[in-house]
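So the sequence shown is residues 129 to 363, counted in the numbering used here.
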Amino acid sequence: MKRYVYTGILLGTLALTGCSVEEEATFSNVEEVGGIKHEKDKEQNKVIELTQEQKVAYYKQYKEIVDQVMQKKLGISMSVPPMNEFKDWVEPKEYKKTVQEYVDSFLKSEREALKAVGSNKKDAVLSEDGSGAMAKSVDLYISDIIFTVEVSGHFETQYDEAYGRQMFSKLSNLSSKLIDSHGTWKQTSYKAKLTDGGRKYLIHVEGVYDTSTGTGPIEKAFTVEFKCNKNGRIY
């Protein structure tokens, strides 16, 4: 498992995780986004002179931009440093553009990494703890780290005469835990939605993953689905 450190992008005004300790971050005309170094477009991110009042207004917008990303709990850790530490200022639209470029790069890396290991195609199985719960393993991605979380819950089905088959009727005691990985996982919330006429549960799970490597905890949200067939088998 790689160790990760905070590096700066956006002319040194935004702190992000996602750079391994083997890499060096630079702050001149080279920008690092998602582990890829490239030259900045001279027409982009133009440094501008601002009054104190304008700086306060820009700083507020910077924080709103980052907060909107963090609320999605994608597995990215972003923060805006104190205003008095800023050396360069850019238009908020350019700030947002660079943030979005980083997010897009992260999501692309996530898709490619999970596809490479054939993730998230596992059927539900009976939990090994003897509780009678059904469990499903989900692979998750955070900055070059793939870890596995097992989601389990007690599902009940009942026969629906109108459809002539079993349908979900109840879900209880849903929980999740980290398996086969270093670090810790703490579930913070979940929301279950019954769909497809009662044939499928879509469960949105949120939690905090901590690698205990100095990068700090990172929030991650994901969705897992449980289905039942006509005979009530859950998969």
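From the three backbone atoms N, C-alpha and C, an ideal C-beta is built for every residue, glycine too.
F378 in three-state terms, based on DSSP: Any question about residue 378 goes unanswered here, given that the chain covers just 129 to 363.
Nearest-angstrom beta carbon gap, V227 and V197 [assumed within contact, 8 Å]: 6 Å
Closest by C-alpha distance to V231, when choosing among K188, S271, N301 and M262: Across the set K188, S271, N301 and M262, the C-alpha of S271 shows the shortest separation from the C-alpha of V231.
G258 versus Q294, D267 and S280, residue with shortest Cα-Cα distance: S280
Secondary structure of E171, DSSP reduced to three states: Note that E171 scores a pLDDT of 48, beneath 50, so its modelled location is shaky and nothing firm can be said.
Boundaries (first-last residue) of the beta strand (DSSP E) holding K215: Careful: K215 lies outside any beta strand (DSSP E) and carries neither H nor E.
DSSP state of Y186 mapped onto helix, strand, coil: helix
Contact belief for Y269 with E238 at Cβ below 8 Å, rounded distance in angstroms: Contact flag correct, Cβ pair sits at about 4 Å.
Beta strand (DSSP E) segments (min. 3 residues) lying fully within the segment 300-344: 312-323 and 328-338
Pairwise C-alpha distance: D338 and K130: Caution applies to K130, whose pLDDT of 30 falls short of 50 and renders its modelled position unreliable; the value that the coordinates give is listed next. Each residue's Cα considered, the two are about 13 Å apart.
Residue of K348, Y287, A252 and I307 minimising C-alpha distance to G360: Shortest Cα-Cα distance from G360 to any of K348, Y287, A252 and I307 involves Y287.
Three-state secondary structure (DSSP) of L202: strand
Opening and closing residue of the beta strand (DSSP E) in which D267 lies: Taken as a continuous stretch (DSSP letters only), the beta strand (DSSP E) holding D267 covers M262 to I270.
K355 versus S205: straight-line alpha-carbon distance, rounded: 33 Å
Residues that S237 bridges to, as DSSP identifies them: According to DSSP, which records beta bridges pairwise, S237 is partnered with nothing at all.
Boundaries of the beta strand (DSSP E) in which V281 is found, first to last residue: What sits at residue 281 in the sequence shown is Gly, not Val. Looking at the DSSP string, the run of the beta strand (DSSP E) that includes G281 is I273 to D288.
Three-state secondary structure (DSSP) of A244: helix
Residue closest to T351, alpha-carbon to alpha-carbon, out of E177, Q294, S265 and F283: Of E177, Q294, S265 and F283, the residue nearest in Cα terms is S265.
C-beta atoms of K201 and K348 nearer than 8 Å: yes
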